[in-house]
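According to the UniProt record's numbering, the residues represented by the sequence shown are 1 to 808, in order. Cβ atoms here follow ideal geometry from the backbone N, Cα and C, with glycine treated the same way.
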Amino acid sequence: MERRDFIKMLGIAGINTAAYAACSAYMQEALASSTVVNEMLSASLHCKEGSLADIEHVVILMQENRSFDHYFGTLRGVRGFGDPRPLKLQNGEPVWHQAQSDSSAQKIRPYELPQGDTLDAEGGAGGVFLQDPAHDYESGLAAWNGGLMDKWIPQKGIVSMAHYTERDIPLYFKLAKAFTICDSYFCSHNGATDTNRIYFWTGTSKGRYDNSHFPFANEHTELKRPDWKSYPEVLEDMLKKFQSREPKVRQELEKCVSWKFYQDGVGSDVFTGNYDNNPLEAFENFREKNTSFYKKSRTAHSVLRTDANVPSELEKDVVSGNLPAVSWIVAPKAFSEHAVYPPHFGEYYVNEILRALVANKEVWKKTALFITYDENGSFFDHVPPPVPPLSVLEAAVKYGFLTSVLSEGIEITATTLNNEGKEEGRDFNSENAYRGNPKGKDETDDEKKKRELIRPLGMGMRVPLLVISPWSAGGRVCSEVFDHTSFISFLDTWIEKRLGAKGEYFKGLGASNISAWRRAIAGDLTSTLDFDRGAAGAIDAFIDRTVPVKIFTEDEKKKAEATNKFSPDIKVVNADPNAKNPVAVKQDRTQCNLLPVDYDFQISFKIKPASATMPTPFLECHCINSGQLGVSFAIYAYDAPIPPMLISLEGKRPGGYPASLKNEFFPMNEQSDYYYAAHGPNGYLVEVRGNAQSATEAAFHFSYDITRDKDGKTLSFHFPNWPTANGTLKLVNAYTHEVLPVKNGTKRVDVATKDGWYDVSFVDAVNTDSKYLRRYAGHIENGKMSRTDPAIGMVYDEATRVYVPVAL
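Right, dumping it as structure tokens:
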């Protein structure tokens, strides 16, 4: 098929099976012959050293409803299905083993969608019209279950555990291996599209958590239309400010803040509309039709060609050098990757964007393209998201948390509404879901109780983020925590730097719209870019001219029309080729480069003896953060059916002083047994287990000071106050399998890391029946490029305390 025929067919593809099949075949051919990734890499070879100011164009595409594990759980280097330190469920099994409503039924684990003739004549599942699971806030909150992460199947169904492989989405894997992928990017809200996209464009939802809270067109809701400022308005205000400047100066300044929405249409057509994925249409400020903001937002600026001989508007702008500073792209429904539409349609759409950007190599060299997803769409992800400790709110009704704590540098306030449904107070710092009753509707006691629960808006589950730029080439992973508000922080930082170089003051949106908690916990995306390409080594090795990118075929269309959605069942789960093997075998064990991030934190636990005021011993947790970045932890009690404690800690304070806090944990049974696990960013884990009244354990030193050398090769444990009683510990290095005795009076032990990664356990060396455990695992950050976790794809043997290959 010629391109012009494809364009004609596309107009009727939504209603004509033959036309749809022909379009599918064309997209397969176009992607199979595409060399655009190689062209981008080749052009990137010329970018050696630079700075953030060298980026002149930021292009952002936000797609729909895919979780990180769902797409990239098998990709090398990321924290996917081979995560060696996954969360444990209350029954001691790893988080992959999700129970059905009938607890006696088979557990559902992540399973690969069927290959071969079952669904796809070409051997991949990327063209399948997969069932769309429920992805509302209520079921999202229930699946998360206060942080226990154990209600996915009852709330989301078997389909939620399905995942793709490189065979299914080859273009995305190719981009991830050639450029940079983020494996700690979370959606902002544990719910549906609109709230997440509002966070993306404005930095806040002010307590609104449902699509119905953002009425489009003339729809009505109990809440007034949102009226706070969005990022396009910030840029538009700057453009107006520059109108009075001398023409040449004005032109240069406008280049720093120009913006455009690229969308193939604003109607409801699934192949040309914008799928209502520009929720700014719901804002009060959007309703004034004479404003430039309204006109820019409601004008079609094409990404796909509508005539074979006429470039799309995106292509024209790139080729002519008129690509704006900030470009937001909103895809039509069929290309958005929202289930039931297949990922391959999204791959084709992305390929067209890449083709446009590389059409002008000089523009491409100054561009950063970000591709992310608004929500996980209720597809499973195994990493517990950062969630604010809402029980610190005054007069708050605790949402089942043990006790949650917040360091003094972060403020969280409650969203309140008046009788007209208008938000009041310092609600930009709010992190609770609005549950007001502004019109005084009749409600039962149960309804009132449910409404008054303090419920977190997010963060939600991980979603993919691909960073495609000459300054992100090289096949890297970035593991800093981000969410949708990170884009606002990035634009603030980037534009401030560009305008500052021209002597202009710029105040962005982050300080006024993003909550203090998100500003502390979510980074600004600058760590995804590397401006010292010369030191990073050659990237031409990533150019691969042998692996074609495929999309589904005409035959496949006959099996999977949009009205015939594939709904996996237990037979599909059991048909997974690794159904009887540990989940870890699914992931490629190859290491790759890991970008540096500024994390430097520690958690330690200490036994506090009984006293006159406290009749029983208790466990005290101490958190300290010496890094620039704030951190969020979840501390799980593995021997009690309670949700985790949530802890948030800001980065180091002015003057370089570490931020710190401490909290008391009480043993969980009458015998004073305890078993806690603290999970933090980038695979960080601390486990403590034992008995607070054990005389044997009292002989051990319970609090270790940990230091790191600058090259990241050695971790040192210091024992400044070893008790006078006799006691011998055994140290086990999970990465190197080294075992060392640590006797009474030892002052220091040095432990070798592996590529900066450590996992060290201290156990009782003498009493084999002792449950005593202190385990410390994570990565040493020293500001330098490192390698991804070498234990990915292995399993942790709790008997020997070392990482071992998966036994098949």
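- Look at Gln155 here: in three-state DSSP terms it is helix.
- For Trp328, the uninterrupted beta strand (DSSP E) run begins and ends at Val326 to Val330, by DSSP.
- Between Ser515 and Glu431, the C-beta gap is smaller than 7 Å, which places the two residues in contact.
- Exposure of Gln671 is indicated by the presence of fewer than 16 other C-beta atoms within 10 angstroms of its C-beta.
- Counting only runs of 3 or more residues that sit fully inside the segment 34-68, the beta strand (DSSP E) segments are 57-63, in chain order.
- A distance below 7 Å separates the beta carbons of Phe242 and Leu253.
- Around the C-beta of Ala579, fewer than 16 other C-beta atoms lie within 10 Å, and the residue is accordingly described as exposed.
- Bridge partners of Asn432 according to DSSP: Pro456.
- Setting aside the 5 residues that flank it on each side, His46 is surrounded in the same chain by Lys365, each with a C-beta closer than 7 Å to its C-beta; the list follows chain order.
- Closest by C-alpha distance to Arg197, out of Arg250, Tyr275 and Asp183, is Tyr275.
- Three or more Cβ pairs drawn from the segment 144-159 and the segment 637-648 lie within less than 8 Å of each other, which places the two stretches in contact.
- Using a Cβ distance threshold of 7 Å, Gln587 and Gly80 count as a contacting pair.
- Secondary structure at Tyr199: helix, using DSSP grouped into helix, strand and coil.
- Setting aside the 5 residues that flank it on each side, Ser761 is surrounded in the same chain by Val732, Arg775 and Arg801, each with a C-beta closer than 6 Å to its C-beta; the list follows chain order.
- Bounds of the beta strand (DSSP E) holding Arg775 are Leu773 to His779.
- Residue burial annotation: Gly92 is exposed, with fewer than 16 other C-beta atoms found within 10 angstroms of its C-beta.
- The way I'd put it, the segment 302-316 doesn't touch the segment 83-98; fewer than three beta-carbon pairs between them come closer than 8 Å.
- Between the segment 581-596 and the segment 782-795, the count of Cβ pairs shorter than 8 Å is three or higher; the stretches touch.
- Beyond the five residues adjoining it in sequence on each side, Val686 comes within less than 6 Å, by CB distance, of Ile603, Ala678 and Tyr776 in the same chain, given in chain order.
- Assigned with DSSP and collapsed to three states, Cys256 falls in helix.
- With a minimum length of 3 residues, the unbroken runs of beta strand (DSSP E) contained wholly in the segment 564-634 fall at 601-608 and 618-625.
- Within the same chain, and ignoring the five residues on either side of Gly50 in sequence, the residues whose Cβ sits closer than 6 Å to its Cβ are Phe531.
- For a cut-off of 8 Å, the C-beta gap from Phe566 to Leu130 is around 5 Å, short enough to register as a contact.
- With 16 or more neighbouring CB atoms inside 10 Å of its own CB, Arg109 falls in the buried class.
- Gly656 is classed as exposed because its beta carbon has fewer than 16 other beta carbons within 10 Å across all chains shown.
- Between Val270 and Lys333, the C-beta spacing is below 7 Å.
- Here the segment 176-185 lies against the segment 463-476, with 3 or more beta-carbon pairs under 8 Å apart.
- When the five nearest sequence neighbours on each side are left out, the beta carbons in the same chain lying within less than 7 Å of the beta carbon of Ala142 are those of Lys151 and Gln155, in order along the chain.
- In this structure Pro577 is exposed. Its beta-carbon is surrounded by fewer than 16 other beta-carbon atoms within 10 angstroms.
- The Cβ atoms of Val749 and Val739 lie no closer than 7 Å to each other.
- The three-state reading of DSSP puts Arg109 in coil, since its state is none of H, G, I, E or B.
- DSSP places Gly510 within a helical segment (H, G or I) once states are collapsed to three.
- The continuous alpha helix (DSSP H) containing Leu171 extends over residues Pro170 to Ala178.
- DSSP places Arg787 in the strand class (E or B) of the three-state scheme.
- Around the beta carbon of His344, 16 or more other beta carbons sit within 10 angstroms, so the residue counts as buried.
- Looking at Asn190, Thr616 and Tyr675, the one whose alpha-carbon comes closest to that of Lys88 is Tyr675.
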